[in-house]
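Enquirer:
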Amino acid sequence: MKTSKKIGMGLLTLGLAATLVACGSGKDAKTDESAAGGKDKASDFSAALVTDLGGVDDKSFNQSAWEGLQEWGKEAGKEKGTGGFNYYQSNSDSEFTPNLNSAIDDGFNLVFGIGFKLQPAIEEIAGANSETEFVIIDSVVEGKDNVASVVFKDNEASYLAGIAAAKTTKTNKVGFVGGQEGEVIGRFEAGFVAGAKSVNKDIDVDVQYAGSFGDAAKGKTIAQAMYKGGIDVIFHASGDTGNGVFSEAIDIMKTNPENPVWVIGVDRDQEAEGEYDGKNVTLTSTLKGVGTAVKDLSEKAEAGNFPGGETMVYGLKDGGVDLTEGQLTDDIKTAVEAAKEEIKDGKVEVAEAPEKK
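As numbered in mature numbering (1 follows the signal peptide of the UniProt record, and there is no 0), residues -22 to -1, 1 to 335 make up the sequence shown, in order.
#1: What three-state label does DSSP hand residue 150 in the structure shown?
#2: Counting Cβ pairs, one atom from each stretch, are 3 or more of them under 8 Å apart for the segment 37 to 56 and the segment 267 to 287?
#3: When the Cα atoms are used, what is the spatial distance from residue 150 to residue 181?
#4: Just to confirm, is the Cβ distance from residue 129 to residue 116 under 9 Å?
#5: Can you name the start and end residues of the beta strand (DSSP E) that residue 197 belongs to?
#6: Report yes if the C-beta distance between residue 222 and residue 32 is below 9 Å; otherwise report no.
#7: Are residue 173 and residue 215 closer than 9 Å when you measure CB to CB?
#8: Check whether the Cβ atoms of residue 169 and residue 135 sit closer than 9 Å, and answer yes or no.
#9: When you compare only the Cα positions, how much space is there between residue 230 and residue 106?
#10: Whole-angstrom Cβ separation of residue 111 and residue 87, contact assumed at under 8 Å?
#11: Which runs of the beta strand (DSSP E) spanning at least 3 residues fall entirely within the segment 72 to 136, listed in chain order?
#12: Comparing alpha-carbon positions, which option in 306, 171 and 328 lies nearest residue 262?
#13: Tell me whether residue 108 is buried or exposed, calling it buried when 16 or more other Cβ atoms sit within 10 Å of its Cβ.
#14: With three or more beta-carbon pairs closer than 8 Å as the criterion, would you say the segment 56 to 76 touches the segment 93 to 104?
#15: Bridge partners of residue 182, per DSSP?
#16: Is residue 181 near the ligand FMN, judged by its Cβ being under 8 Å from some heavy atom?
#17: Rounded to a whole number of angstroms, what is the C-alpha to C-alpha distance between residue 319 and residue 264?
#18: Between the Cα of residue 78 and the Cα atoms of 70, 91 and 69, which residue gives the shortest distance?
#19: Are residue 127 and residue 330 closer than 9 Å when you measure CB to CB?
#20: Comparing C-alpha positions only, which one of 28, 205, 204 and 252 sits nearest to residue 113?
#21: Using 8 Å for Cβ pairs, my map puts residue 220 next to residue 80. What's the rounded Cβ distance?
#22: What are the boundary residues of the alpha helix (DSSP H) that includes residue 274?
#23: Over what stretch of residues does the beta strand (DSSP E) that includes residue 300 continue unbroken?
#24: On the CB-based measure, 16 or more other CB atoms within 10 Å of its CB, does residue 206 come out buried or exposed?
#25: Please report the Cβ distance between residue 210 and residue 238, rounded to the nearest whole angstrom; I am assuming they are in contact, meaning their Cβ atoms lie under 8 Å.
#26: Can you list, in chain order, the residues of its chain whose CB lies under 7 Å from that of residue 189, leaving out five sequence neighbours each side?
#27: Mark residue 131 as exposed unless 16 or more other C-beta atoms lie within 10 angstroms of its C-beta, in which case mark it buried.
#28: Could you tell me the alpha carbon to alpha carbon distance between residue 232 and residue 241, rounded to whole angstroms?
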């Protein structure tokens, strides 16, 4: 996985530092055998993931997960395919269940559901497949010893992004583009708005949702309207839809470089997505240790230490989320670092949900 330069000392090294919340039987992590059948998987253990929409080349959430699984596979001496590591790409919500069943039928010991939208399917399928271990990313499945849940405090990293946006804007107008409304993306929105308003309570924050994580054309259309309306910094939390935001920002900068516009990336360092003509529209990116969590849990499951029935919560304090330095000025980096320490110390509690309108 690409190593990003982060502000301060926060590192996306997940594992024992994460907060573990019991949900289910409350059994301790297994040491010699998994809760999902107790079979020896040290030599033939295999793992697969089922993507959310956007796929493993979405330059965001799914791609990070796939990079983590590949890293585990290569270090474990596995090969891509049945018996090693693989992915099943979902092009629509209706493919979640068939893809999960395909992974089970293909004999994978561990199956990841990448994204909160897979939660209902995993909850149902896990109950009928106790010999398979599952991980749901960005949601929680309770009461099942063969399911581990992973959630991130995206609101904390988004708060830092809001500070960066508010201190960068020249128009006092910033924007947020979400994929689909819901609890997870709501955390991004809430944190971003709170961070921006912590700098300037009168700042104008325009929030819009594309209704999809895989519609780059819609992302470009929304960004075009925002930039035309005077917004000069947009934070997207929209997967592949966000590629349209980058595309629009680049188009604007190629034709009107005198009035800079910026994009804040999400989930992984999206510096490459902002490159054009030796320049860049990526101001900074929030980081989310999805790939590291996938690798970490694959290692634990292979060793027989799968944390079934538990929820792992990764925040700034745990190194689970962060913000890249990007093109932030030294003054902004200092402000972001100060806010980060306040969050870690509990002096600032970042809202997890947007204010009701």
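Beta carbons: idealized from backbone N, C-alpha and C, even for Gly.
Expert: A quick look at the data gives this:
#1: coil
#2: yes
#3: 5 Å
#4: yes
#5: Careful: residue 197 lies outside any beta strand (DSSP E), inside the alpha helix (DSSP H) at 194 to 206.
#6: no
#7: no
#8: yes
#9: 52 Å
#10: 6 Å
#11: 88 to 92, 111 to 115 and 125 to 130
#12: 306
#13: exposed
#14: yes
#15: 151
#16: Of the ligands one can find in the structure shown there are none, so the ligand FMN has no counterpart to examine.
#17: 16 Å
#18: 91
#19: no
#20: 28
#21: Wrong, their Cβ atoms sit about 28 Å apart, outside the cutoff.
#22: 268 to 280
#23: 299 to 301
#24: exposed
#25: 7 Å
#26: 158
#27: buried
#28: 15 Å
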